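Residue numbers (my numbering): 948 to 1250. Below is one structure, written out as structure tokens; comments come after it.
This is the structure in structure tokens:
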């Protein structure tokens, strides 16, 4: 005869939902004041909710780094899980309330949207049929977990998705310095000759030049002048006008290269990290997102 021993497992009582919401907001902002502004409550209410949560777990959840509140290692893991859970609840509530499941709000870096996605948007819509994609240009590339109002984002460069986020790399990329043919004609085969030109910098990707120097094995160039622009789209516009030399992802300037408006005097180097479509993991299995991912893979794969 087989005997079974049943062990009574007592599940830990969940803390109040409002306390978790306040805690998750403080973790994202690093500030009780900013969390209170987001939740439309006074700071004292947020402090009270954090106290409730700390009493529930019997430990402090934050340390202070200057003026910023930083969650402990264990609290940080709980914050990530909380963010994922709230995202799932938000989307489920939207669908229950009648939100159209076939509409995707897609955040796209401005330059990538204008120079790669928009020339293909008619083909995308024809391929997706009744699925509507609202393209939201973003000057600053930020992870999806920072944008509850978006359903998905396109990320470039080295990106590691957070918990609850699924990333599909659909295209590799190359990048390099670009300028008008007139300016490029003044350069020698040595990239050091770029020092005579104006260095065009995008605040949205401020380390792009440093990355190119490091990844191409080129000694950093000390430019005679440098000019900053709010985003890459403006920096590329300045390069197109002949103001100086910009560092550009090839995908963003394909049309300029074909028309001869810009040239790459030192070629491009490959960036295998490329571009990724990032969405919340529960959404990845939905037909609308699967269709968008399939179209991006088809267009991003070299012929």
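Every residue, glycine too, gets a C-beta built ideally from N, C-alpha and C. Remember, it's a predicted structure, so these values are computed and weren't measured experimentally.
Roughly how many whole angstroms lie between the Cα atoms of residue i and residue j?
i, j, result
"residue 1024", "residue 1065", "38 Å"
"residue 1068", "residue 1056", "15 Å"
"residue 996", "residue 1100", "32 Å"
"residue 1188", "residue 1209", "10 Å"
"residue 1154", "residue 960", "46 Å"
"residue 1134", "residue 983", "55 Å"
"residue 966", "residue 1098", "25 Å"
"residue 987", "residue 971", "15 Å"
"residue 1011", "residue 1213", "47 Å"
"residue 1063", "residue 994", "46 Å"
"residue 1245", "residue 1236", "14 Å"
"residue 1136", "residue 1082", "40 Å"
Between the options, which has its C-alpha nearest residue i's C-alpha?
i, options, result
"residue 1103", "1086, 998, 1096", "1086"
"residue 1027", "1158, 968, 1137", "968"
"residue 1032", "1228, 1197, 1121", "1228"
"residue 1243", "1075, 1109, 1084", "1075"
"residue 1018", "1051, 1136, 974", "974"
"residue 937", "1070, 1199, 1058, 1194", "For the chain, the structure presents residues 948 to 1250; residue 937 sits outside this window and is missing."
"residue 1224", "1021, 1112, 1096, 1078", "1112"
"residue 1163", "1015, 1180, 1138", "1138"
"residue 1015", "1029, 992, 976", "976"
"residue 1179", "1226, 1161, 1088", "1088"
With a CB to CB cut of under 8 Å and the five nearest residues on each side skipped, what residues in its chain are close to residue i?
i, result
"residue 980", "990"
"residue 1001", "1007, 1008"
"residue 962", "999, 1000, 1003, 1004"
"residue 1130", "1144, 1189, 1191, 1192"
"residue 1174", "1145, 1146, 1147, 1148, 1185, 1190, 1191"
Can you list, in chain order, the residues of its chain whose CB lies under 6 Å from that of residue i, leaving out five sequence neighbours each side?
i, result
"residue 1176", "1149, 1182"
"residue 1079", "1050"
* Touching or not, the stretch 1032-1040 and the stretch 1218-1225, by the rule of three or more beta carbon pairs under 8 Å? -> no
* Length at least 3, wholly inside the stretch 986-1055: the beta strand (DSSP E) runs in chain order -> 1009-1012, 1015-1018
* the stretch 1225-1232 in contact with the stretch 1121-1131 per 3-pair CB rule at 8 Å -> no
* To do: Any chance you could list the beta strand (DSSP E) runs of at least 3 consecutive residues sitting entirely within the stretch 1072-1136, in chain order?
  => 1079-1085, 1099-1103, 1112-1125
* Quick one: any contact between the stretch 1088-1096 and the stretch 1196-1207, if contact means 3 or more CB pairs under 8 Å? -> no
* Asked: At a cut of 8 Å, does the stretch 1158-1170 reach the stretch 1136-1147 through at least three beta carbon pairs?
  -> yes
* If you scan the stretch 1156-1207 from start to end, which runs of the alpha helix (DSSP H) of 4 or more residues do you find wholly inside it? -> 1179-1187, 1201-1206
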